[in-house]
């Protein structure tokens with residue numbers, strides 16, 4: 001579902017252009033493609049500020065889908081996702097001779113393996129570390145950004161609401177949401193816009209559990225970056241406590257009572273709390289007896 005871009009069968013800055021969409025790498029058709037679009041590809045890949053479309057097809061033919069056609073970029077674009085194109089179609093090209101081959105003037109700078117790793121700071125990480133808010137007064141308010149395909153990207157504010165913001169705040173350990181903000185309230189981000197039309201119910205433990213649509217950048221720009229303002233403290237930060245909260249605030253399971261299910265969770269909690277209260281009262285009674293004995 002998520003998007004990525006590469007040049008294959010060359011040196012990384014020259015080759016056949018491919019995009020990753022819907023779980024599969026596929027080619028891009030060259031119809032209507034101009035040198036401006038080739039330059040945009042090179043900038044997107046950090047392969048310099050110049051490039052050209054190659055006509056000799058020296059980088060071979062692809063074997064997967066041909067995802068895009070009629071891509072038209074403008075000089076101000078620095079990412080292919082911001083350019084206009086036809087809709088996604090696995091058979092965009094009439095034949096393999098229409099596939100795009102590009103050669104850029106620059107070369108990729110040497111990068112460590114972690115640069116394109118699944119996690120921003122290490123080889124393994126939690127969902128919490130793939131989510132952040134930027135531009136606010138603290139770590140609990142700001143523009144929402146998620147880590148994917150080796151880079152931080154933003155979330156489009158289409159359908160962004162309090163339910164979505166609550167999930168983000170909870171995942172960050174920042175309590176509940178005070179507001180769900182739109183239109184780049186904490187400034188415009190840079191890089192990809194990874195998601196749009198996020199539809200959380202508000203009870204999810206993670207943003208990754210919410211339905212959403214992977215975004216091709218022409219439908220949204222950074223003026224529409226989503227943001228949150230969280231309360232900043234979560235007394236229910238522990239997952240077990242949060243699950244208990246969900247239990248008491250959600251509809252009980254609609255199933256017949258059996259011998260093994262007649263003792264409900266509230267009953268068990270009452271028994272435990274009652275036992276603790278009795279223990280406290282017993283300790284207090286003992287201390288009172290000791291005090292009276294000493295007075296005699």
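In the UniProt record's numbering, the protein residues as written are 1 to 296.
Ideal Cβ positions, reconstructed from N, Cα and C, are used throughout, including at glycine.
With C-beta atoms as the reference, is residue i less than 9 angstroms away from residue j?
i: residue 30; j: residue 77; result: no
i: residue 34; j: residue 73; result: yes
i: residue 158; j: residue 196; result: yes
i: residue 15; j: residue 7; result: yes
i: residue 143; j: residue 184; result: yes
i: residue 140; j: residue 202; result: no
i: residue 220; j: residue 164; result: no
i: residue 213; j: residue 188; result: no
i: residue 138; j: residue 186; result: no
i: residue 65; j: residue 103; result: no
Answer yes or no: the CB of residue i versus the heavy atoms of the ligand NAD, is any distance below 8 angstroms?
i: residue 223; result: The ligand NAD is not part of this structure, which contains no ligands at all.
Comparing alpha-carbon positions, which option in the options lies nearest residue i?
i: residue 23; options: 67, 225, 147; result: 67
i: residue 149; options: 45, 287, 27, 285; result: 45
i: residue 177; options: 190, 11, 230; result: 230
i: residue 69; options: 89, 60, 58, 75; result: 89
i: residue 155; options: 181, 270, 173, 13; result: 181
i: residue 91; options: 209, 174, 50, 25; result: 25
i: residue 130; options: 42, 75, 208, 87; result: 208
i: residue 79; options: 145, 210, 283, 43; result: 43
i: residue 198; options: 168, 179, 32; result: 168
To the nearest angstrom, how far is the alpha carbon of residue i from that of residue j?
i: residue 99; j: residue 52; result: 14 angstroms
i: residue 206; j: residue 228; result: 15 angstroms
i: residue 17; j: residue 151; result: 20 angstroms
i: residue 295; j: residue 289; result: 10 angstroms
i: residue 194; j: residue 272; result: 47 angstroms
i: residue 85; j: residue 20; result: 15 angstroms
i: residue 96; j: residue 62; result: 7 angstroms
i: residue 285; j: residue 291; result: 10 angstroms
i: residue 106; j: residue 10; result: 13 angstroms
i: residue 47; j: residue 54; result: 16 angstroms
i: residue 60; j: residue 83; result: 25 angstroms
i: residue 136; j: residue 166; result: 17 angstroms
i: residue 190; j: residue 269; result: 49 angstroms
i: residue 39; j: residue 173; result: 42 angstroms
i: residue 71; j: residue 87; result: 10 angstroms
i: residue 134; j: residue 175; result: 17 angstroms
i: residue 179; j: residue 145; result: 16 angstroms
i: residue 211; j: residue 153; result: 18 angstroms
i: residue 58; j: residue 49; result: 22 angstroms
i: residue 204; j: residue 41; result: 37 angstroms
Report the partner residues of residue i according to the DSSP bridge assignment.
i: residue 59; result: Paired residues: none, contrary to the question.
i: residue 4; result: 20
i: residue 91; result: 66
i: residue 279; result: Answer is none; residue 279 lacks a bridge partner.
i: residue 148; result: 151
i: residue 177; result: 230
i: residue 25; result: 20
i: residue 53; result: 102
i: residue 42; result: None, per the DSSP bridge assignment.
i: residue 213; result: 196
i: residue 14; result: 103
i: residue 133; result: 144
Can you have a look at residue i and say buried or exposed, based on whether 16 or more other CB atoms are within 10 angstroms of its CB?
i: residue 192; result: buried
i: residue 37; result: buried
i: residue 56; result: exposed
i: residue 147; result: buried
i: residue 278; result: exposed
i: residue 171; result: buried
i: residue 276; result: exposed
i: residue 81; result: buried
i: residue 280; result: exposed
i: residue 267; result: exposed
i: residue 75; result: exposed
i: residue 274; result: exposed
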